[in-house]
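Counting in the numbering used here, the sequence shown runs from -6 upward without gaps. Below is one structure, written out as structure tokens, with a few remarks after it.
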Amino acid sequence: MGDGTSETKSSNQMWGGRFAQGPAAIMEEINASIGFDKKLFAQDIRGSIAHATMLAHQGIISVEDKDKIVHGLSTILSEIESGQFEFSRRLEDIHMNVEARLATLIGPAAGRLHTARSRNDQVALDFRLWVKEELQKTEMMLTALIAAFLDRAEEHAETVMPGFTHLQTAQPVTFGHHCMAYVEMFGRDRSRVRHAIEHMDESPIGAAALAGTGFPIDRHMTAKALGFREPTRNSIDTVSDRDFALEFLAIASICATHLSRLAEEIVIWSTPQFGFVRLSDAFSTGSSIMPQKKNPDAAELVRAKTGRINGSLIALLTVMKGLPLAYSKDMQEDKEQVFDSAESLELAIAAMTGMVRDMTIRADRMKAAAGSGYSTATDLADWLVREAGLPFRDAHHVTGRAVALAEQKGCELAELSLEELQAIHADITDKVFDVLTVEASVASRTSFGGTAPSEVKKQIAWWRARN
Ligand code: ARG
């Protein structure tokens, strides 16, 4: 960074007409976005090629100039892709870096590219294209994660584990059913992604600075060439709008929150105390001092990445909340938040997909835990309602007494004798023991969306047809 005094460097070649002097070093430092928006080079060049082609088609520039422009832009694309391009901070951003290089390559024709266009609609276009592509990638990655869960659910449709509320043993469920809960969550994330792609499928180019243009451009043509459904309908909104970035961050935050809850469960499940899963070596680390340890670092980092992603959403909402229409330079702060979140989310989904595919399910440990903590107490109460005709509230009370007795004796409900149970309620028969096992408990829960293996298998089939 310089000392903040103005330099007598030549004035900017893009707007030099009005400026006698170049910017202060500190101005250049705060103003430049090339350090991060160079990520948009492919979208910028694609957008410019579509724009130049349309200008020539409409007779606004000559076909010869268009050909030079398109050829020059293609050269720049390969220069950037092969790492030969020299980005300059003095040229501020990706748009001016590309345009300046074009002028060097093709001469005066380069100056015609920016006809009927502003950097305001240009950046809105480039960034929207980038976010749309990122969402398409996210959609595919979520599909892979859902597929991993469907496989594990199928494999463990009958594996009994404790279901929790308040992280206290509640009722037995199957591991397959638990996996399918995540399928629902990531399925909703994926449909949010699809809706967002729909929302942002409108082309900004041609809105110009904010008011549109007097040149006879064809915005439908550029929209089509760039793979958008149609052009945006209001030029002021077009250059003011960053909803597409906010929607990306909101979706990423919700999805990261789901990933974080799963990460937390994996951390808990992989402790020796729970021992429900064993992580593969590929997704865990050891300790440099404690040889026995296997740490769930990948899960912990997935949990932590959520903080960054949520932070990005709040950061961009805060940038946008006070901006008058239309474009303000504040909006340049949109990109780093989205780029960082996109990278974090991709990593988190990929790591989680790997963990889910690789982890060993310890069915014996799950089953042992499923039976402890009086998890079939509700089944006893339901039996009293069904077989002995008790109102549920009374059945709840009777069951509570049975649990208290078992607790006092230090045994499970199924280990109480028939005599002991009959002393609590005379109508109990030895048939009751049929419902006190964890397998009977889960098999009985056949309501739509319930934990019975038969029901879980139906849900797996429903999702397989949609994944
Ligand atoms: N680098 C700018 C951004 O990311 C491009 C748009 C600049 N527009 C302007 N009127 N200064 O927002």
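Each residue gets a CB set at the ideal place from its N, CA and C atoms; glycine is no exception.
To the nearest whole angstrom, what separates the beta carbons of residue i and residue j, a pair I think is in contact under 8 Å?
i	j	result
Thr299	Ala249	4 Å
Leu84	Ile27	7 Å
Leu414	Met348	Rounded, the Cβ-Cβ distance is 44 Å, inconsistent with contact.
Leu473	Lys59	This structure does not reach residue 473, given that the chain is present from -6 up to 460, and the question cannot be answered.
Ala344	Leu219	Between Leu219 and Ala344 the Cβ distance is about 33 Å, and since that is not below 8 Å, they are no contact.
The beta strand (DSSP E) with residue i in it runs from where to where?
i	result
Thr158	Val153 to Thr158
Val428	No beta strand (DSSP E) holds Val428; DSSP gives it neither H nor E.
Ala163	Gln161 to Thr167
Give the straight-line distance between the Cα atoms of residue i and residue j, rounded to the nearest whole angstrom.
i	j	result
Thr346	Thr158	26 Å
Lys424	Phe179	41 Å
Leu373	Thr392	7 Å
Thr1	His88	The predicted model places Thr1 with a pLDDT of 43, which falls under 50 and marks its position as unreliable, so this point remains unresolved.
Trp376	Leu338	47 Å
Lys287	Thr278	6 Å
Ser67	Tyr320	29 Å
Met(-6)	Glu21	Caution applies to Met(-6), whose pLDDT of 37 falls short of 50 and renders its modelled position unreliable; the value that the coordinates give is listed next. Rounded to whole angstroms, Met(-6) to Glu21 spans 9 Å at the Cα level.
Arg296	Asp290	10 Å
Arg254	Asp274	22 Å
His418	Leu160	31 Å
Met214	Thr46	9 Å
Ala245	Arg121	16 Å
Gly304	Thr422	59 Å
Gln401	Trp262	29 Å
Gln51	Gly40	17 Å
His64	Ile198	21 Å
Gln285	Glu127	41 Å
Gln325	Arg350	40 Å
Leu316	Val331	19 Å
Ala445	Glu240	37 Å
Thr136	Ala341	14 Å
Ile461	Ile139	Only positions -6 to 460 of the chain appear in the structure, and residue 461 is not among them; the question remains open.
Thr(-2)	Asn90	At Thr(-2) the pLDDT is 39, less than 50, meaning the model places this residue with poor confidence and gives no usable figure here.
Val396	Ala150	29 Å
Pro209	Ile259	59 Å
Asn460	Gln452	12 Å
Gly268	Glu257	14 Å
Gln266	Phe168	18 Å
Phe276	Ile302	22 Å
Val270	Pro165	17 Å
Val56	Ala93	21 Å
Ile38	Thr231	20 Å
Lys474	His390	Residue 474 lies beyond the stretch modelled for the chain, which goes from -6 to 460, so this question has no answer here.
Thr264	Arg212	58 Å
Arg11	Gly104	17 Å
Ile461	Thr206	There is simply no residue 461 to check, as the chain begins at -6 and stops at 460 in what is shown.
Lys450	Ala308	43 Å
Glu293	Ala102	54 Å
Asp420	Leu306	60 Å
Glu412	Glu405	15 Å
Glu448	Val176	15 Å
Leu398	Ser334	54 Å
Name the two residues that bound the continuous alpha helix (DSSP H) containing residue i.
i	result
Pro446	Pro446 to Arg457
Ala370	Ala370 to Ala381
Met214	Arg212 to Ala218
Phe276	First-last for Phe276: undefined, no H or E at that position.
Gln36	Phe34 to His50
Gly65	Val56 to Glu74
Ser334	Asp327 to Asp351
Arg394	Phe385 to Lys402
Gln415	Leu411 to Ile417
Glu79	Counting along the chain, Glu79 falls outside any alpha helix (DSSP H), and DSSP gives it neither H nor E.
Arg121	Arg112 to Glu148
Please determine whether the Cβ atom of residue i lies at a distance below 7 Å from any heavy atom of the ligand COA.
i	result
Gly364	Only the ligand ARG can be found as ligands here, which leaves the ligand COA out of the picture.
Could you tell me whether the segment 221 to 241 touches the segment 177 to 197, using the rule of 3 or more Cβ pairs below 8 Å?
Enough Cβ pairs lie closer than 8 Å, so yes.
Three or more C-beta pairs closer than 8 Å, one from the segment 366 to 377 and one from the segment 431 to 447: is that the case here?
Because the criterion of three Cβ pairs below 8 Å is met, the segment 366 to 377 and the segment 431 to 447 touch.
Tell me whether the segment 103 to 119 and the segment 220 to 233 touch, counting them as touching only if at least three CB pairs, one residue from each stretch, are closer than 8 Å.
Judged by pairs of C-beta atoms under 8 Å, the segment 103 to 119 touches the segment 220 to 233, as three or more such pairs exist.
With three or more C-beta pairs closer than 8 Å as the rule, is the segment 357 to 365 touching the segment 143 to 162?
Touching, yes.
Would the segment 26 to 45 count as touching the segment 65 to 82 if we require 3 or more Cβ pairs under 8 Å?
Output reads yes: the segment 65 to 82 touches the segment 26 to 45.
Quick test of the definition: if touching needs 3 or more C-beta pairs under 8 Å, does the segment 377 to 385 touch the segment 346 to 360?
Too few Cβ pairs lie closer than 8 Å, so no.
Given 8 Å as the limit, is there contact between the segment 164 to 177 and the segment 127 to 147, that is, 3 or more CB pairs closer than that?
As far as the Cβ criterion goes, the segment 164 to 177 touches the segment 127 to 147, which means the pair count is three or higher.
Are three or more beta carbon pairs between the segment 441 to 458 and the segment 182 to 189 nearer than 8 Å?
For the pair of segments examined, the segment 441 to 458 was found not to touch the segment 182 to 189: the number of CB pairs separated by less than 8 Å stays below three.
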